[in-house]
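What follows is one structure encoded as structure tokens, with my remarks underneath.
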Amino acid sequence: MLKSLARPLLRPATTSADFDFLMGIWRVQHRFRVRRLAACNDWIAFEGTCAARKILGGVGNTDENDISMPGGRYTAMSLRLWDAERERWTIHWLDSRRPGAMAPEVCGSFARRPDGPFGVFYGDDVLDGAAICVRYIWSRITEEGARWEQAFSADEGTSWETNWYMDFMRL
6 MLKSLARPLL
16 RPATTSADFD
26 FLMGIWRVQH
36 RFRVRRLAAC
46 NDWIAFEGTC
56 AARKILGGVG
66 NTDENDISMP
76 GGRYTAMSLR
86 LWDAERERWT
96 IHWLDSRRPG
106 AMAPEVCGSF
116 ARRPDGPFGV
126 FYGDDVLDGA
136 AICVRYIWSR
146 ITEEGARWEQ
156 AFSADEGTSW
166 ETNWYMDFMR
176 L
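Below you can see the structure in the form of structure tokens.
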């Protein structure tokens with residue numbers, strides 16, 4: 006499904022240090038679309054925390070998230086692995102709402118833009134029985150904060166609907 010998205014959108018400037026900005030402890034403000042790919046403009050906001058650290062001598066990292074979503078708290082983690090040969094990251098997501106299941110991976114890289122580092126990652130998934138494309142974007146990266154967003158596409162990446170923002174503030 007992602008063949009149309011295989012071409013790089015940005016000139017890569019990727020290294021195994023791309024996620025160094027994320028290492029540490031964060032307060033996270035979440036903004037989450039209530040229903041995805043359903044013409045829904047209702048959002049909920051909630052807070053959480055995130056603690057990120059390097060693993061495998063710096064060629065990977067993980068973070069643990071405590072998420073206080075309305076209706077219930079859950080924990081989750083990301084696992085990011087650097088592939089030096091392909092010059093790209095692979096990202097995996099796991100959470101306590103679906104123990105034993107790992108979300109399909111997304112892959113991508115960072116580029117340098119005038120406003121700072123910018124990371125784009127793509128993958129495939131299924132939503133309500135239909136194949137979709139998934140995109141993660143990392144932006145607004147500084148020493149004190151960053152933004153992550155997730156978007157879905159039901160038309161192989163022609164159009165995207167952002168459904169989740171996470172704004173990170175360093176503690």
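Residue 6 is where the sequence shown starts when you use the numbering used here, and the numbers rise one by one after that.
Backbone N, C-alpha and C fix where the C-beta goes; we use that ideal spot for every residue, glycine too.
Backbone CA spacing between residue i and residue j [nearest angstrom]
i              : j                 : result
cysteine 179   : tryptophan 98     : In this structure the chain extends from 6 to 176, so residue 179 is not present and cannot be described.
alanine 39     : phenylalanine 51  : Checking the sequence, you will find valine at residue 39 rather than alanine. So the two alpha carbons sit approximately 12 Å from each other.
tryptophan 143 : phenylalanine 123 : 6 Å
arginine 152   : phenylalanine 26  : 11 Å
glycine 76     : isoleucine 49     : 11 Å
leucine 15     : alanine 116       : In this prediction, leucine 15 scores a pLDDT of 48, lower than 50, which makes its location untrustworthy; no coordinate-derived value is stated.
tryptophan 165 : alanine 156       : 6 Å
tryptophan 169 : glycine 63        : 28 Å
methionine 65  : proline 119       : A quick correction: the sequence has glycine, not methionine, at residue 65. Cα to Cα, the separation comes out at about 26 Å.
valine 125     : aspartate 23      : 12 Å
alanine 44     : glutamate 154     : 18 Å
threonine 95   : asparagine 46     : 30 Å
threonine 147  : glycine 121       : 8 Å
Bridge partner(s) assigned by DSSP for residue i
i                : result
glycine 150      : Met174
asparagine 168   : DSSP lists no partner for asparagine 168.
glutamate 69     : Ala56, Met82
alanine 156      : Arg140, Thr167
phenylalanine 51 : His35
6 Å Cβ shell around residue i - same chain, five flanking residues per side excluded
i              : result
cysteine 55    : Trp31, Val33, Asp68, Asn70
methionine 171 : Val33, His35, Trp153
alanine 159    : Leu42, Ile137
threonine 167  : Glu154, Ala156
Residues of its chain near residue i, where Cβ-Cβ distance is below 8 Å and the 5 sequence neighbours each way are ignored
i              : result
methionine 174 : Trp31, Arg32, Val33, Gln34, Glu149, Gly150
Closest Cα partner of residue i within the set the options
i             : options                       : result
glycine 53    : Ala108, Gly62, Asn46, Arg36   : Arg36
leucine 61    : Ser21, Ala81, Met74, Arg91    : Ser21
glutamate 110 : Leu132, Leu176, Leu86, Arg102 : Leu86
Residue i - containing beta strand (DSSP E), residue span
i           : result
alanine 116 : 111–118
proline 122 : 121–132
arginine 91 : Note, arginine 91: premise wrong, no beta strand (DSSP E); not H, not E.
Heavy atom of the ligand PLP within 7 Å of residue i beta-carbon
i          : result
proline 75 : The ligand PLP is not part of this structure, which contains no ligands at all.
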